[in-house]
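> In the numbering used here, the protein residues as written are 454 to 1034. In this text, a Cβ means the ideal position worked out from N, Cα and C, and glycines have one as well.
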């Protein structure tokens, strides 16, 4: 059963705290046995009082065991609470670390809203499971496990009534779980859809407001919630029926114990104290079974959430680092692509037979229509994904044989979307090189033509730019991204539409800064606008994942092929020679 498998898998996550967890297990066993002894002592006290015997020793023992149960419960509750909180944060951090290593396609497919829900709801569900197991349910299982044999030893007929009650609880829970498994899976899917849609809308509030989508988006969300309730109501109905059935069984059990007990007492088969003990057993059993039934109900409802959490924890990474990987040593930045091919799963799209060489310090531009394979080609250089065939070397070193950190430390990149965090301007620039000094941060901003606008912001470099840099203009965001790449000072540079968000005046300034940045670095430029690639040492023209043409600007224009057509369509003139430095 998925329920039991998920439960055991969740408990296995307590392994890092196994010593404390084992101690809590033993404490729960002791508390469970003490709880079982209390009804027995209650009955003995009643018999002692009825027979005119001394009851105080039994009352004293009863009080002592009760005090032990109370104090032990406090210690277990505090220790279990702290353990569960520690493990929740630890597991959440582990899964977060795992998630941010997963491929970009994985994140694009699921969406940030869904992933955030899975992380937070999953860790909360695990916390609750650990806490209730160590504080309540383990002791309940121990009490039930010893109660039935003890009851049989005292009075088999009355014990049989308790046994029937236990069977009814178990069978009823199994039936309800089987009836509602599919429904609960659907509930979790709709919950993820709701969170995903909320995250999607909140991330695009400006679009929603600009296109007057307020009512439409609200209606769509309400409709989704309506579907959620439609699949949730049958699940809730079954669990409500279970509650009524178990309550009725508990009442019938108490009546049966008193009735059968009275008949046995008339025959002298049991004492009044033993009947009282069995009433205590029934009360204890009903309470523990109610606890476990409630626990089963909640864990069943949360099993899909926990399973999704485990899927994230166990998701295979996009890139596997070789066990004997060594540090990449860049000496010039000589990059060679050797017959690289890759096809997206379930699609005919990809890149095929990509073969080119970039000498140290040279600039190569990738040009082509959207979907031609420009960005995909350069994802292999960073090992964001690996090709199906072929290899890439940097200064003669196969990038699959070097550590991912050293590889990515050697590559600076300016994304088409700036990719900024909801942090200060300085913190965003420092992502390029966390150990940089304040003077180095300022120098990078100055070179990226960003210092002037930064100084006008409240707090200057301490200004918090909002989610995804929402407090900045498009050009300001792009200049911060360029400053970040400048600060990184990597020997290899990727410019992905790096000036696409800039006005003409700012673009001219940034192009001068980028010319300085490219000097002495192996540079890859991805662009739709030909003006950004005019002075590249080599231009690769891609179409449908293949290199169709290659050469300098003048060579490609003279070829009168696809590139020449792109130049004519864009009204782009032959470039002037670059200004000598």
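Along the chain, where does the beta strand (DSSP E) containing residue 530 start, and where does it finish?
The count along the chain shown starts at 1 and reaches residue 530 at position 77. It is not in any beta strand (DSSP E) - residue 530 instead sits in the alpha helix (DSSP H) that spans 509-552.
> Nearest by alpha-carbon distance to residue 442: which of 914, 660, 900, 848 is it?
Outside the displayed span of the chain (454 to 1034) sits residue 442, for which this structure offers no information.
> Note down the Cα distance separating residue 600 from residue 858, rounded to an integer number of angstroms.
As a working note, residue 600 is residue 147 in the chain shown. As a working note, residue 858 is residue 405 in the chain shown. So the alpha carbons of these two residues sit roughly 58 Å apart.
> Can you grab the Cα-Cα spacing for the pair residue 1021 / residue 1013, in whole Å?
The residue labelled residue 1021 in the question sits at position 568 within the chain shown. The residue labelled residue 1013 in the question sits at position 560 within the chain shown. Residue 1021 and residue 1013: Cα-Cα distance of roughly 10 Å.
> Could you name the residues of the same chain whose beta carbon sits closer than 6 Å to that of residue 832, not counting the 5 residues immediately before and after it, in chain order?
Within the chain shown, residue 832 is the residue found at index 379, counting from 1. Closer than 6 Å at Cβ, skipping near neighbours: 838.
> Please state whether DSSP places residue 638 in a helix, a strand or coil.
Looking up residue 638 in the chain shown gives position 185. It is helical.
> Hey, out of 530, 541, 569, whose CA is closest to residue 553's CA?
Position 100 of the chain shown, counted from the start, is the residue given in the question as residue 553. Per the Cα distances, 569.
> Do you know offhand how far residue 462's Cα is from residue 597's?
On the chain shown, position 9 is the one that residue 462 refers to. On the chain shown, position 144 is the one that residue 597 refers to. C-alpha separation (whole angstroms): 23 Å.
> Can you tell me the Cα-Cα spacing of residue 1000 and residue 795, whole angstroms?
As a first step, residue 1000 is located in the chain shown; it is residue number 547 there, counting from the start. As a first step, residue 795 is located in the chain shown; it is residue number 342 there, counting from the start. Looking at the two C-alpha atoms, the distance is approximately 14 Å.
> Let me know the secondary structure DSSP gives residue 817 once reduced to three states.
Working through the chain shown from its first residue, we reach residue 817 at position 364. Residue 817 falls in the strand class under three-state DSSP.
> For residue 576 and residue 748, I'd like the C-alpha separation in whole angstroms.
Reading the chain shown from its first residue, position 123 is the one you call residue 576. Reading the chain shown from its first residue, position 295 is the one you call residue 748. Roughly 17 Å separates the two Cα atoms.
> With 16 other CB atoms within 10 Å as the buried threshold, where does residue 658 fall?
As a first step, residue 658 must be located in the chain shown, where it is residue number 205. Burial call: exposed.
> Mapping the DSSP letters down to three states, classify residue 986 as helix, strand or coil.
Taking the first residue of the chain shown as 1, we reach residue 986 at position 533. It is coil, neither helix nor strand.
> Confirm, please, whether the CB-CB distance from residue 728 to residue 714 is below 9 Å.
Locating residue 714 in the chain shown gives position 261, counting from the first residue. Locating residue 728 in the chain shown gives position 275, counting from the first residue. Yes, they are a contact pair.
> Spell out a yes or no on whether the stretch 669-677 and the stretch 638-647 are touching, meaning 3 or more CB-CB pairs, one atom from each, closer than 8 Å.
With a cut-off of 8 Å, the stretch 638-647 and the stretch 669-677 count as touching, because enough Cβ pairs lie within range.
> Three-state secondary structure (DSSP) at residue 844?
Taking the first residue of the chain shown as position 1, residue 844 is located at position 391. Residue state, collapsed to three classes: strand.
> Please report the straight-line C-alpha distance between residue 491 and residue 519, rounded to a whole angstrom.
Your numbering for residue 491 matches position 38 in the chain shown. Your numbering for residue 519 matches position 66 in the chain shown. Roughly 8 Å between the two C-alpha positions.
> For the beta strand (DSSP E) that residue 794 lies in, which residues bound it at each end?
Here the question's residue 794 lines up with position 341 in the chain shown. Residue 794 -> beta strand (DSSP E) spans 788-796.
> What is the DSSP secondary structure of residue 783, counted as helix, strand or coil?
Numbered from 1 along the chain shown, position 330 holds the residue referred to as residue 783. Three-state DSSP puts residue 783 in coil, outside helix and strand.
> Taking the DSSP output, what are the residues bridged to residue 980?
Within the chain shown, residue 980 is the residue found at index 527, counting from 1. DSSP lists 820 as partners of residue 980.
> Can you tell me whether residue 546 is buried or exposed, with buried defined as 16 or more other CB within 10 angstroms of its CB?
Stepping through the chain shown from its first residue, residue 546 is reached at position 93. Residue 546 is exposed by the Cβ-count criterion.
> Express the C-alpha separation of residue 1018 and residue 1024 in angstroms, rounding to a whole number.
Stepping through the chain shown from its first residue, residue 1024 is reached at position 571. Stepping through the chain shown from its first residue, residue 1018 is reached at position 565. Here residue 1024 scores only 49 on pLDDT, less than 50, and its place in the model should not be relied on; the value that follows carries that caveat. Distance between the alpha carbons of residue 1024 and residue 1018: 10 Å.
> Considering only C-alpha positions, which residue in the set 793, 987, 801, 692 is nearest to residue 753?
Position 300 of the chain shown, counted from the start, is the residue given in the question as residue 753. Out of 793, 987, 801, 692, 692 has the C-alpha closest to the C-alpha of residue 753.
> Taking only the alpha-carbon atoms, compute the straight-line gap between residue 593 and residue 938 and give it to the nearest angstrom.
Mapped onto the chain shown, residue 593 falls at position 140. Mapped onto the chain shown, residue 938 falls at position 485. Approximately 59 Å between the Cα atoms of the pair.
> Report yes if the CB atom of residue 401 is closer than 9 Å to the CB atom of residue 496, and no otherwise.
Absent from the model: residue 401. The displayed extent of the chain is 454 to 1034, so no value can be given.
> Could you tell me the distance, in whole angstroms, from the CA atom of residue 744 to the CA atom of residue 590?
Indexing the chain shown from 1 puts residue 744 at position 291. Indexing the chain shown from 1 puts residue 590 at position 137. Using only the alpha carbons, I get a separation of about 7 Å.
> Suppose the cutoff is 8 Å on Cβ atoms and the five residues either side in sequence are ignored; what does the same chain contact list for residue 756 look like?
By 1-based counting over the chain shown, the position of residue 756 is 303. Excluding positions up to five away in sequence, the list reads 455, 456, 459, 637.
> From 516, 1006, 529, 559, pick the residue whose C-alpha is nearest to that of residue 764; which is it?
Looking up residue 764 in the chain shown gives position 311. Selected option, being the one with the closest Cα: 559.
> Apply the 10 Å Cβ neighbour rule to residue 631 and answer buried if 16 or more other Cβ atoms are within range, or exposed otherwise.
Position 178 of the chain shown, counted from the first residue, corresponds to residue 631. The residue is exposed, with fewer than 16 neighbouring Cβ atoms inside 10 Å.
> Nearest-angstrom Cα distance between residue 933 and residue 961?
Looking up residue 933 in the chain shown gives position 480. Looking up residue 961 in the chain shown gives position 508. So the alpha carbons of these two residues sit roughly 16 Å apart.
> For the structure I just gave you, are there three or more beta carbon pairs, one from the stretch 782-797 and one from the stretch 967-976, closer than 8 Å?
Judged by Cβ distances under 8 Å, the stretch 782-797 makes contact with the stretch 967-976, as three or more pairs qualify.
> Assess, as a yes-or-no matter, whether the stretch 614-630 is touched by the stretch 686-703 under the definition of 3 or more beta carbon pairs within less than 8 Å.
Taking 8 Å as the limit for Cβ pairs, the verdict is that the stretch 614-630 does touch the stretch 686-703.
> Taking only the alpha-carbon atoms, compute the straight-line gap between residue 537 and residue 810 and give it to the nearest angstrom.
Taking the chain shown and counting its residues from 1, one reaches residue 537 at position 84. Taking the chain shown and counting its residues from 1, one reaches residue 810 at position 357. Going from the Cα of residue 537 to the Cα of residue 810 covers about 55 Å.
> Pick out whichever of 802, 808, 801, 778 has its Cα sitting closest to the Cα of residue 791.
Your numbering for residue 791 matches position 338 in the chain shown. Of the candidates 802, 808, 801, 778, the one whose C-alpha sits nearest the C-alpha of residue 791 is 808.
> Residue 967 and residue 940 look like a contact to me (Cβ under 8 Å); what is the Cβ gap, rounded to whole Å?
Within the chain shown, residue 967 is the residue found at index 514, counting from 1. Within the chain shown, residue 940 is the residue found at index 487, counting from 1. No, residue 967 and residue 940 are not in contact; Cβ-Cβ is about 14 Å, not under 8 Å.
> CB-CB under 6 Å to residue 639, same chain, minus the five flanking residues each way: which ones, in chain order?
Stepping through the chain shown from its first residue, residue 639 is reached at position 186. Same-chain partners within the cutoff: 684.
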